[in-house]
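Chemist: Just dropping this structure here.
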Amino acid sequence: MNTVTCGSAPLRANKPFDRRGRPPAKHFQLHMNIFTTQAHQAADKTGVLELANDVDPRTLDLSGITRIDLQFPTFTDGRAYSQAYLLRRRLGFAGELRATGDVLIDQLLQMQRTGFDVAVLKEGVDASAAQRQLDRYAGFYQGSAVDTQPLFAKAA
Amino acid sequence: MNGVVFRDFLPWQDIMNYLEAVVRVYNRWGRRDNKYKARIKILVKAEGQRYVDEVETEYREILERDGGLHTIPQSELARVQAGFVQPALDLPESTDEWLAQAEATLGIEAAKTPAFARWLAQNVKPHRNLQLRAVSLSFKRPGYAPGDATADQLDAAAVLVEKYSGGEARVSHTQNLLLPWVRLDQLHALWQDAKALGVAQPNIGLLTDMIACPGGDYCALANARSIPTASAITERYQDLDELHDLGPIDLHISGCINSCGHHHSGHIGILGVDKDGKEWYQVTLGGSDGKHLSGAAGPGKVVGPSFSAAEVPDVIEAILETYKQLRAPKANGQQEAFIETLRRVGQEPFKAAANAARQPHETQTA
Chain U
1 MNTVTCGSAP LRANKPFDRR GRPPAKHFQL HMNIFTTQAH QAADKTGVLE LANDVDPRTL
61 DLSGITRIDL QFPTFTDGRA YSQAYLLRRR LGFAGELRAT GDVLIDQLLQ MQRTGFDVAV
121 LKEGVDASAA QRQLDRYAGF YQGSAVDTQP LFAKAA
Chain C
1001 MNGVVFRDFL PWQDIMNYLE AVVRVYNRWG RRDNKYKARI KILVKAEGQR YVDEVETEYR
1061 EILERDGGLH TIPQSELARV QAGFVQPALD LPESTDEWLA QAEATLGIEA AKTPAFARWL
1121 AQNVKPHRNL QLRAVSLSFK RPGYAPGDAT ADQLDAAAVL VEKYSGGEAR VSHTQNLLLP
1181 WVRLDQLHAL WQDAKALGVA QPNIGLLTDM IACPGGDYCA LANARSIPTA SAITERYQDL
1241 DELHDLGPID LHISGCINSC GHHHSGHIGI LGVDKDGKEW YQVTLGGSDG KHLSGAAGPG
1301 KVVGPSFSAA EVPDVIEAIL ETYKQLRAPK ANGQQEAFIE TLRRVGQEPF KAAANAARQP
1361 HETQTA
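Quick mapping for you: the protein sequence lines, in order, are chains U and C.
So the first sequence is numbered by this note's numbering: it starts at 1 and just counts up by one.
So the second sequence is numbered by this note's numbering: it starts at 1001 and just counts up by one.
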């Protein structure tokens, strides 16, 4: 996971998923940095690519890019999830993926799983519930962009 | 619209990889401007082969570039399969002698009790195991909405399921309970218990075994009520001889276009519509759910302007009377089913009969 050098204190969801008190397996640590709009706007824009959500990321030259800001014009428009997945998983982009726009608490988990590491919460959204969202599920059947193995592959 | 075949064959191991491709391509190109059109089916209709091609490309990328990580291994198939095992059944050894004895006893009981014979013919289906039958408990009876059961009735049904079907029952889309593991030599006892519970009407597959959504009585989406129409038709067709004479008919009722009652796939479909804040009903004919009797799956055709609630039972009766007049014996000597007559003679005579059942003061245009 890359380091984020600006913004408010990151929230980390790394509670064990096992309610019987066993230590958490490494691959289930959910990690997402939450930024306020102010912190996001104050950040240095060098090496940042702002990408509209109808662009196919496979067409881009990503050399020199250290951060890509993906956009959620409304929370119902989830094209940036697919972009994030392709960037992280298929194109192997190792820089920061930042979710911007109509970013609500409910989406953080999906964002984390599709490869985002920073979410800029929509103005007025209370960040205090974020932790609960990231801790909501004890485990996942499917693999994700960051934890690529599905449950059945881990068990085998 | 009916579904479109995307691929004639996909290895079972690849189902998750393929679905990932279907959804990712849809996420990219699906409509965003109108939430009613934000559906995979709309994209399929608009783009056709282009969508299929792009899914195929994405599927190959998932396999070749992402490594096909959701390819299902044999061990996972086995794990899931273990959740679908046959219940432990108390079965005697299957011998020709046992089968002959059980069938003979059944024959004697059926000859003694015509009502039991009728139930055997209508509600009991063959089984891959010759010692067993699949039995439908009919939750279609006067005084209840189709498929409705009280908590006490469900408790009592659960006792029957424990006693006669290895503890397993299925809720069917036709709003009945199916007991899949009933012993041949216990059918008569089950029939008696089901009769005591009021769920042994021998009407499976017949007109009164209609499918109906909860409609406006319970559902906030509905444009019209379904249950009063279902009740009116149920009450009108209580004569079992008449019901059996009418033969297999799929009557499906939905209170709105969301189609929970599958009106479009009924031989006779009734759809609730809202006009000027009042309940009206569109009647369709000739729909099919794809079963052998009904032919290739497809929606029925609308009979004409919609009818009032009061007219609907008369319209259904007029349609059924038309069938009785027009039906002809088939080459094998059997009576033609409603859907077969409809297919042979076309919609016109039924449409004329339905329109003649309109009540003059209710005339309207739409």
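The C-beta atom is built at its ideal place from N, Cα and C for all residues, glycine as well.
Is the Cβ-Cβ distance between arginine 1141 (chain C) and proline 1202 (chain C) less than 8 Å?
Modeler: no
Chemist: Three-state secondary structure (DSSP) at asparagine 1034 (chain C)?
Modeler: coil
Chemist: Measuring only the C-alpha atoms, how far is alanine 1212 (chain C) from alanine 1115 (chain C)?
Modeler: 26 Å
Chemist: For chain C, check one thing: does any of its Cβ atoms lie closer than 8 Å to the Cβ of phenylalanine 162 (chain U)?
Modeler: Beyond the ends of chain U as shown, which are 1 and 156, falls residue 162 (chain U); an answer cannot be given.
Chemist: Rounded to the nearest angstrom, what separates glycine 1273 (chain C) and serine 1136 (chain C) at their Cα positions?
Modeler: Checking the sequence shown, residue 1273 (chain C) turns out to be valine, not glycine. Cα to Cα, the separation comes out at about 32 Å.
Chemist: Whole angstroms are fine: how far does the CA of leucine 49 (chain U) sit from the CA of threonine 3 (chain U)?
Modeler: Confidence is the limiting factor: at threonine 3 (chain U) the pLDDT is only 29, short of 50, which leaves the residue's position unreliable, though a coordinate-based value still follows. The C-alpha of leucine 49 (chain U) is placed about 17 Å away from the C-alpha of threonine 3 (chain U).
Chemist: Can you list, in chain order, the residues of its chain with a C-beta nearer than 6 Å to that of glycine 1215 (chain C)? Leave out the 5 residues immediately preceding and following it.
Modeler: Ala1222, Arg1225, Ser1226, Ile1227, Gly1255
Chemist: Among all the DSSP beta bridges, which residues are the ones paired with aspartate 1274 (chain C)?
Modeler: DSSP, once it has assigned bridges, lists C:Glu1279 as partnering aspartate 1274 (chain C).
Chemist: Suppose the cutoff is 7 Å on Cβ atoms and the five residues either side in sequence are ignored; what does the same chain contact list for valine 1171 (chain C) look like?
Modeler: Annotation for valine 1171 (chain C): Leu1177 place their beta carbon closer than 7 Å to its own, counting only its chain and skipping 5 residues before and after.
Chemist: Check whether the Cβ atoms of isoleucine 1339 (chain C) and leucine 1293 (chain C) lie closer than 8 Å to each other.
Modeler: yes
Chemist: Where in the region 1129 to 1206 of chain C do unbroken runs of the beta strand (DSSP E), each at least 3 residues long, occur, reported from the N-terminal end onward?
Modeler: 1132 to 1137, 1177 to 1183
Chemist: Which of the three DSSP states, helix, strand or coil, is assigned to isoleucine 1249 (chain C)?
Modeler: coil
Chemist: List, from N- to C-terminal side, the alpha helix (DSSP H) runs of 4 residues or more that fit wholly inside the region 1338 to 1364 of chain C.
Modeler: Segments of the alpha helix (DSSP H) lying fully in the region 1338 to 1364 of chain C: 1338 to 1345, 1348 to 1356.
Chemist: What in chain C is Cβ-close to arginine 90 (chain U), meaning under 8 Å?
Modeler: Chain C residues near arginine 90 (chain U): Glu1061, Arg1065, Asp1066.
Chemist: Taking only three categories from DSSP, how would you classify glutamine 41 (chain U)?
Modeler: helix
Chemist: What's the gap between the Cα of glutamate 1311 (chain C) and the Cα of phenylalanine 116 (chain U)?
Modeler: Between glutamate 1311 (chain C) and phenylalanine 116 (chain U), the alpha-carbon positions lie close to 59 Å from each other.
Chemist: How would you list, in chain order, the residues of chain C whose beta-carbon sits under 7 Å from the beta-carbon of glutamine 149 (chain U)?
Modeler: Leu1069
Chemist: Would the beta-carbon of valine 992 (chain C) fall within 8 Å of that of alanine 1354 (chain C)?
Modeler: Residue 992 (chain C) lies beyond the stretch modelled for chain C, which goes from 1001 to 1366, so this question has no answer here.
Chemist: If we count the other Cβ atoms within 10 Å of its Cβ and call it buried at 16 or more, is tryptophan 1012 (chain C) buried or exposed?
Modeler: exposed
Chemist: Valine 1315 (chain C) to tryptophan 1280 (chain C), Cα distance in whole Å?
Modeler: Looking at the two C-alpha atoms, the distance is approximately 13 Å.
Chemist: Roughly how far, in whole angstroms, is the beta-carbon of serine 1265 (chain C) from the beta-carbon of glycine 1287 (chain C), given that I think they are within contact range, below 8 Å?
Modeler: Yes, serine 1265 (chain C) and glycine 1287 (chain C) are in contact; Cβ-Cβ is about 5 Å, under 8 Å.
Chemist: Can you name the residues that DSSP bridges to asparagine 33 (chain U)?
Modeler: U:Val118
Chemist: Between which residues of its own chain and tyrosine 141 (chain U) is the CB-CB distance below 7 Å, once the five residues before and five after are set aside?
Modeler: Correct list, in chain order: Pro150, Leu151.
Chemist: Leaving out five residues on either side along the sequence, give the residues of the same chain with a beta carbon under 7 Å from the beta carbon of lysine 1037 (chain C).
Modeler: Same-chain partners within the cutoff: Arg1031.
Chemist: Between which two residues does the beta strand (DSSP E) carrying alanine 99 (chain U) extend?
Modeler: Per DSSP, the continuous beta strand (DSSP E) segment holding alanine 99 (chain U) begins and ends at 96 to 101.
Chemist: Sort C:Ala1021, C:Ile1108, C:Gln1081 by Cα distance to aspartate 1053 (chain C) and report the nearest one.
Modeler: C:Ala1021
Chemist: If you count every other CB in all the chains shown that lies within 10 Å of the CB of isoleucine 1015 (chain C), and 16 or more means buried, which is it?
Modeler: exposed
Chemist: Closest Cβ-Cβ distance between aspartate 77 (chain U) and chain C: below 8 Å?
Modeler: yes
Chemist: Relative to the C-alpha of asparagine 1027 (chain C), which candidate in U:Ala42, U:Gly78, U:Arg132 has its C-alpha closest?
Modeler: It is U:Gly78 whose Cα lies nearest to the Cα of asparagine 1027 (chain C).
Chemist: Closest to leucine 1160 (chain C) by C-alpha separation, out of C:Leu1271, C:Lys1324, C:Leu1326, C:Lys1195, would be which residue?
Modeler: C:Lys1195
Chemist: 8 Å is my cut-off, CB to CB: does serine 82 (chain U) come that close to chain C?
Modeler: Yes - at least one Cβ of chain C is within 8 Å of the one on serine 82 (chain U).
Chemist: Could you check whether histidine 1263 (chain C) and valine 1249 (chain C) sit closer than 8 Å to each other, using their CB atoms as the reference points?
Modeler: First, the residue type needs correcting, since residue 1249 (chain C) is isoleucine and not valine in the sequence shown. Not a contact, by the Cβ cut-off of 8 Å.
Chemist: If you measure between the beta carbons of threonine 100 (chain U) and glutamine 71 (chain U), is that distance less than 8 Å?
Modeler: yes
Chemist: One question on the structure: do tyrosine 1380 (chain C) and leucine 1043 (chain C) come within less than 8 Å of each other, judged by their Cβ atoms?
Modeler: The requested residue 1380 (chain C) does not occur in the structure, where chain C is confined to residues 1001 to 1366.
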